[in-house]
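K.L.:
Sequential numbering of the sequence shown, starting at 1, is according to UniProt numbering.
Just so you know, even glycine gets a beta-carbon here, dropped at the ideal spot from N, CA and C.
Pasting a structure here, questions to come.
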Amino acid sequence: MTKKTLLLVLGFVLFWNSGFVGAEYGLRYADPFTQLFWRYLGLTLLLGLFLSFRGRLKWIGWKQAKPSFLVGILAHGVWLSCALLAIAKAVPAGIVALIIALQPLATGALSGWVTGEHTSTRQWLGLGIGFLGVVLSVAYRIDMENSSAFWAYFLPFGAVIAMTIASLYRRHRELNSSITKLPMALSLFYQCLGTTGVLLLPAVVVENLETRWTPEFILTLTWLIAGVSLLAYLLMWKLIERMSATKVASLFYLGPPVTMLMAWLMFGDAILVWDLLGLAVILIGLLITQVNFRKRLDQLKQYI
1 MTKKTLLLVL GFVLFWNSGF VGAEYGLRYA DPFTQLFWRY LGLTLLLGLF LSFRGRLKWI
61 GWKQAKPSFL VGILAHGVWL SCALLAIAKA VPAGIVALII ALQPLATGAL SGWVTGEHTS
121 TRQWLGLGIG FLGVVLSVAY RIDMENSSAF WAYFLPFGAV IAMTIASLYR RHRELNSSIT
181 KLPMALSLFY QCLGTTGVLL LPAVVVENLE TRWTPEFILT LTWLIAGVSL LAYLLMWKLI
241 ERMSATKVAS LFYLGPPVTM LMAWLMFGDA ILVWDLLGLA VILIGLLITQ VNFRKRLDQL
301 KQYI
């Protein structure tokens, strides 16, 4: 892994996981669909202004726009809606994090079939160890009595399915040299445009766009737009250009412990010994998944 890729990884992990804290805080002021609609409407306008200023905003035709619409709806709209709806329905955040952590395993299982990038035995071992670390991180935080709807427990599985499909589809297109690639900013604009269009109906029909416009919500929304939906997703797509889908997906294992650390810094939430133990196990799993030690050892022998 190059130094630039490592910086992309660190940036993605920090910006991506700040979104869980921000989105949960934002539920005090707007329900899930409404919050996400304002978030992606703002991001669409922001990207549209940027592209217009650069003279790059244009209609690229339905054939080229359709893949970006699909990726956006799955990776932004469905992923976030399922996670936020589960939290809003009182599913413990630990359970949501645990179910969503299945995504790297799903990506690893399907990666060879979809992209031709087979998951090695070493990577499967790393994914398994990483998942064990997630279990250790959230097991003592699960409160089964703090939920009002059994069906809501199935919502995070929708997030897993959506992000897995979006990641593999994006990686498949990235590896296909015959497909014309859109510039990153323009692709993200169409992703957000599709997401905004899909979110409008449930935000209006189900939630009546009810919003408490307070300074706190405006600041939270600004961060979710610029720091998470823009920077975090931009970093994720950049990583997918450089790394296999399995390696990128494995970074999602850092979600629960990093989110817990952020909640400790922002809200004073307690950090348990199991959180630290889980983080250590996750880091071991990530190291095994990301680094081919046998290859590195052979390279080292050449210099000895």
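Under the assumption that Leu235 contacts Leu8 (Cβ atoms under 8 Å), give the Cβ distance between them as a whole number of angstroms.
P.N.:
The pair is a contact, with the Cβ atoms about 5 Å apart (cut-off 8 Å).
K.L.:
At what residues does the alpha helix (DSSP H) containing Asn17 begin and finish?
P.N.:
Here the alpha helix (DSSP H) through Asn17 covers 3 to 26.
K.L.:
Can you find the residues in the same chain that come closer than 6 Å, C-beta to C-beta, to Thr5, ignoring five residues on each side of it along the sequence?
P.N.:
Closer than 6 Å at Cβ, skipping near neighbours: Arg242.
K.L.:
Below 6 Å CB to CB, which residues in the same chain sit around Trp79 once its five sequence neighbours on both sides are set aside?
P.N.:
Result list for Trp79: Ala159, Ala162, Met163, in chain order.
K.L.:
Would you mind stating whether Thr220 and Gly22 have Cβ atoms separated by less than 7 Å?
P.N.:
In contact: Thr220 and Gly22 (Cβ atoms closer than 7 Å).
K.L.:
Does the beta-carbon of Met260 have 16 or more other beta-carbons within 10 angstroms, so that it is buried, or is it exposed?
P.N.:
Buried.
K.L.:
I believe Gln123 touches Thr246 by the beta-carbon criterion, under 8 Å. Please report the beta-carbon distance rounded to the nearest angstrom.
P.N.:
The Cβ separation is near 6 Å, so the contact holds.
K.L.:
For Gly126, which option in Ala166, Val248, Val258 has the closest C-alpha, if you only look at C-alpha atoms?
P.N.:
When only C-alpha atoms are compared, the closest one is Val248.
K.L.:
Please find out if some non-hydrogen atom of the ligand PLP comes closer than 6 Å to the beta-carbon of Gly158.
P.N.:
For the structure depicted, the ligand PLP is absent and the ligand set is empty, with no information on it obtainable.
K.L.:
Contact between the region 175 to 187 and the region 14 to 32: three or more CB pairs below 8 Å?
P.N.:
Flag = no, the region 175 to 187 and the region 14 to 32 do not touch.
K.L.:
Counting Cβ pairs closer than 8 Å, one from the region 42 to 51 and one from the region 277 to 286, do we hit at least three?
P.N.:
Not touching, per the Cβ criterion.
K.L.:
By how many angstroms is the C-alpha of Leu186 removed from the C-alpha of Leu136?
P.N.:
Near 40 Å, if we compare the C-alpha coordinates of Leu186 and Leu136.
K.L.:
Taking C-alpha atoms, which residue in Gly130, Leu51, Gly108, Tyr169 lies nearest to Ile73?
P.N.:
Among Gly130, Leu51, Gly108, Tyr169, the Cα nearest to that of Ile73 belongs to Tyr169.
K.L.:
What number of angstroms, rounded off, separates the C-alpha of Asn208 from the C-alpha of Leu188?
P.N.:
Taking the straight line joining both Cα atoms gives about 27 Å.
K.L.:
Per DSSP, Thr211 is paired with what?
P.N.:
For Thr211, which the question treats as bridged, DSSP gives the partners Ala30.
K.L.:
Rounded to a whole number of angstroms, what is the C-alpha to C-alpha distance between Gly227 and Arg39?
P.N.:
The alpha-carbon atoms of Gly227 and Arg39 are separated by roughly 11 Å.
K.L.:
Starting from the C-beta of Ala65, find all residues in its chain whose C-beta is less than 6 Å away, skip the five residues before and the five after it, and write them out in chain order.
P.N.:
Counting only Cβ-Cβ distances below 6 Å, and skipping sequence neighbours, we find Tyr190.
K.L.:
Let's test the definition: count the other Cβ atoms within 10 Å of the Cβ of Ala270 and tell me whether it reaches 16, buried, or not, exposed.
P.N.:
Counting Cβ neighbours within 10 Å, Ala270 comes out exposed, since fewer than 16 surround it.
K.L.:
Is it right to say Gly61 is buried, meaning 16 or more other beta carbons lie within 10 angstroms of its own, or is it exposed?
P.N.:
Looking at its Cβ environment, which holds fewer than 16 other Cβ atoms inside 10 Å, Gly61 is exposed.
K.L.:
Taking Ala203 as the reference, give the member of Ser18, Leu70, Gln35 with the closest Cα.
P.N.:
Taking only the C-alpha atoms, the option nearest Ala203 is Gln35.
K.L.:
Identify whether Val248 lies in helix, strand or coil by the three-state DSSP scheme.
P.N.:
Note: Val248 maps to helix in three-state DSSP.
K.L.:
Roughly how many whole angstroms lie between the Cα atoms of Gly133 and Leu231?
P.N.:
Looking at the two C-alpha atoms, the distance is approximately 27 Å.
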